[in-house]
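Comments concern the structure below.
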Amino acid sequence: MSKFWFLIAVFIGSMCYGQQPVTPTKSDTLYQKINTYAKDKKVVGFFHRLIFRKSVLPATTNKKKSKAQIPVQRDYAKFQCKIIRNITIETLDPFGYSAEDVNREPKHRIERWGNFLHIKTKNWTVRNFLLFQKNDLLDSLNLRESERLLRQQRYIRTVIIKPVAVPNSKDSVDVSIRVLDTWSTIPTGAISTSKGNIDFTERNFMGLGHEFDFNYLSSFESSTPNRYGYETYYKIPNFKHTFISTTISARNDLNNNTQNAIRIERKFYSTYAHWAGGFYHDYRSTTEKLNDTAAVPTLLYFKSKSYDLWAARSFSIFGNGNEFSRGTHLITSVGFNHTAYLNLPDQQYDPIRFVNSTKSALMTIGISSQRFYQEKYLFRYGIVEDVPYGKVFSITGGIENKNQVNRAYWGSRFSYGDLFDFGYLQGNVEWGTFVNNGKSEQTTYKLEANYFTNLIPMGSWKMRQFIRPLLVMGGNRLESDRDRLKLVDINGIPGFDSRQLLGTKKFLTTFQSQFYCLKDWYGFTLSPYLNYTLGFLDQGNATFFSNKMYSQIGVGVLINNKYLVFSSFQFSFSYYPTLPIAGNNIIKTNTFQNNSIDFNDFQIGQPYVLPFQ
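The sequence shown begins at 30 in this note's numbering and counts up by one.
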């Protein structure tokens, strides 16, 4: 296996190493030859204009160099506490423009076509996320936080907010906002011998910032309960500057599982927000195989509806001073949940009545301190990303009613993360248990960490190493397959699907090596990534790590090309030494992406029972 990693590293290095900064480069020469040839051929020229960017092809004459990008000025100190006179917002189409360079414009026909088809973000959509308005005193923290909130939107690629001096005025300032859109319409699909799907996503519907998705499913096997299915949702992320989001969703999959849901909520979208809350309701019909007392599996149907209602309040601890004091809060949160099953399985399939209606009321109190710092070259090539750091400590208590029995619930969470000399490290520890007649039931322990190194220079390319370990342990779990851990997909190994493997302890570790080529190879810049995930699941052995180890080895690449109009795409494949049902030496494609490792935040929101998953 070490040879495999070595060969991959050598292959990547060979494409990056030795690219000297000579003008013109080999890639420039190649593309210039294509450009020259295309001028004399109408058909070739047509396809050339569709594919290649004229604006980045090397010049063949001794013209003056184009004006350098205008540097972004972030000198807030001399504008602090001045009155904001005007706020100007400029949104840019995704192709050919730059938020940093005001002189850059699209020069290629396909760029103009793409921009013609694209609907720009409305100015008032941008204004919806601003934490300041006209006639306010300029607060640099509000400007930076507004920039982060806009950058967080998936339909925005780059945003720059900066103060602009007002001539002959000592007490006023203007604020300039430039927003570069990203292409927001994303059609995707997949097909295999047994099924296929076509997925259409619009992340910025009519420039309003609304998100719409429709996924059409089709089965090619007659034994499938449904030959056709769908999954769809519509989301309004911020209603009239209230930061209240609304999501309506529906699905009817190939296994005849249906769900209709609505969610209305306002999270602590920023550390400067003082209240949060939400409401959720769904109605679902699901099918599941349960074993009877003779261990014979039977397909059963369940119908249920659930309601969630919660509210939270944030109180400043240190006043409105610097960024740390304004980002540290005492938070209290209360929530109520009611899940009602409209039909229940016979007792031979569920002797302990694990599937049953529940009511619960929970309260969380804790201290949260969260800030962000900006980093490049994480998961998106060269684009600014916001990384959270801080700490949170909370205690949760409440009561649950199920099967005509009241049980108390207690839980706690501690999380800490910061940027150190050796890289970014984040740790999270959680515990939760029910108490019934003085005895603990369904206890859950969870320990996890996120770590990535600083950028490591390696010749003409750089890399980061990501590591994410996770340990989940259960105690006094109930005698039901539904109260067991699995290694399936999002809660386990990507692409792993074996629901027959069950346990009460789980250990997962993901290693990801992300490479960034700083030189091009015939115009292509590569960001390859290697992903290795291993997992253990307790299967009743005395020694936990004596259980069989399951693993996944993934290789992927994010490819950029400055000469191509649609300049970024990625693909990956995974190798599984063994899968419980499928067999050994299995290869799957596109089971993970380079951003499969997520960060935990340091906020307190809706109270919850710690999931055992």
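Heads up, the beta-carbon is just placed ideally off N, CA and C, and yes, glycines get one too.
Bear in mind that the values here come from a model prediction, so they are computed numbers and not experimental data.
Exercise. Where does Lys515 fall in DSSP's three states?
Worked result: coil
For this session: Could you say if the stretch 142-155 and the stretch 225-241 meet the contact criterion of at least three C-beta pairs nearer than 8 Å?
Result: Between the stretch 142-155 and the stretch 225-241 there are three or more inter-stretch CB-CB distances shorter than 8 Å, so the stretches are counted as touching.
Exercise. Touch check for the stretch 436-447 and the stretch 405-413: three-plus C-beta pairs under 8 Å?
Worked result: no
Exercise. Which word fits Glu129, buried or exposed, when buried means at least 16 other C-beta atoms lie within 10 angstroms of its C-beta?
Worked result: exposed
Exercise. Contact between the stretch 205-225 and the stretch 239-248: three or more CB pairs below 8 Å?
Worked result: yes
Exercise. Exposed or buried, which one is Arg180 when buried takes at least 16 other CB atoms within 10 Å?
Worked result: buried
Exercise. Who are the Cβ neighbours of Gln642 in its own chain at under 6 Å, not counting the five residues just before and after it?
Worked result: Asn520
Exercise. In terms of residue numbering, what span does the beta strand (DSSP E) encompassing Asn197 cover?
Worked result: That residue, Asn197, is in no beta strand (DSSP E); it is neither H nor E in DSSP.
For this session: Below 6 Å CB to CB, which residues in the same chain sit around Leu500 once its five sequence neighbours on both sides are set aside?
Result: Contacts found: Leu476, Phe536.
For this session: Flag this pair as yes or no: are the beta carbons of Gln543 and Gly307 separated by less than 8 Å?
Result: no
Problem set entry | For Trp153, the three-state DSSP class (helix, strand or coil) | Reduced to three states, the DSSP call for Trp153 is helix.
Exercise. By how many angstroms is the C-alpha of Asn115 removed from the C-alpha of Ser205?
Worked result: 8 Å
Problem set entry | Secondary structure of Ile139, DSSP reduced to three states | helix
Exercise. Which one of Gly419, Arg511, Thr482, Gln455 has the shortest CA to CA distance from Gln471?
Worked result: Arg511
For this session: Report yes if the C-beta distance between Gly446 and Phe422 is below 8 Å; otherwise report no.
Result: The answer is no: Cβ separation not under 8 Å.
For this session: Buried or exposed for Pro50, please, with buried defined as at least 16 other CB atoms from any protein chain shown within 10 angstroms of its CB.
Result: Note on Pro50: pLDDT 38, under 50, position unreliable in the model; the coordinate value appears next. Under this definition Pro50 is an exposed residue.
Exercise. In three-state terms, what does DSSP make of Leu178?
Worked result: helix
For this session: Taking 8 Å as the cut-off, decide whether the C-beta atoms of Pro679 and Leu530 are in contact.
Result: Any property of residue 679 remains undetermined from this structure, which presents the chain solely from 30 to 642.
Problem set entry | 6 Å Cβ shell around Phe76 - same chain, five flanking residues per side excluded | Its pLDDT being 44, under 50, Phe76 is placed unreliably by the model, and the measurement read from it follows with that caveat. Nothing listed; no residue qualifies.
Exercise. Got a sec, what are the start and stop residues for the beta strand (DSSP E) Glu317 sits in?
Worked result: 304-320
Exercise. Per DSSP, what kind of secondary structure is Lys107 in: helix, strand or coil?
Worked result: Reduced to three states, the DSSP call for Lys107 is helix.
For this session: Compare the beta carbon distance of Tyr406 and His367 with 8 Å and say whether it is the shorter of the two.
Result: no
Problem set entry | Proximity to Lys468 [Cα-Cα], best of Val458, Asn483, Gly504, Ala478 | Gly504
Exercise. On the three-state DSSP scale, how would you describe Ser354?
Worked result: helix
Exercise. If you run the structure through DSSP and keep just helix, strand and coil, what is Asp510?
Worked result: helix
For this session: Below 8 Å CB to CB, which residues in the same chain sit around Ser221 once its five sequence neighbours on both sides are set aside?
Result: Hits under 8 Å: none found.
For this session: Helix, strand or coil for Arg173, going by three-state DSSP, please let me know.
Result: helix
For this session: For Lys318, I'd like the list of residues in its chain whose CB is within less than 8 Å of its CB, leaving aside the five on either flank, ordered along the chain.
Result: Pro326, Thr327, Leu328, Leu329
Exercise. Does DSSP put Ser575 in a helix, a strand or coil?
Worked result: In the displayed model, Ser575 falls within a helix according to three-state DSSP.
Problem set entry | Exposure label - Glu459; buried when at least 16 CB within 10 Å | buried
Problem set entry | Cβ separation of Pro417 and Phe631, assumed to be a contact under 8 Å, to the nearest whole Å | 6 Å
For this session: Look at the Cβ atom of Ser389, then the Cβ atom of Ile633, and state whether they are nearer than 8 Å.
Result: no
For this session: Would you check if there are 3 or more beta carbon pairs closer than 8 Å linking the stretch 578-588 to the stretch 555-566?
Result: yes
Problem set entry | Selected residue, minimal CA-CA separation from Gly238, among Thr276, Thr253, Arg506, Ala340 | Thr276
For this session: Run the CB neighbour count on Ser95, radius 10 Å, all protein chains shown included, and call it buried at 16 or more, exposed below.
Result: Any reading at Ser95 must be qualified, since the residue scores a pLDDT of 35, below 50, and its modelled position is unreliable; no value is offered.
Exercise. According to the neighbour-count rule (16 or more other Cβ atoms, all chains shown, within 10 Å of its Cβ), is Glu240 buried or exposed?
Worked result: Here Glu240 is buried, its C-beta having at least 16 other C-beta atoms within 10 Å.
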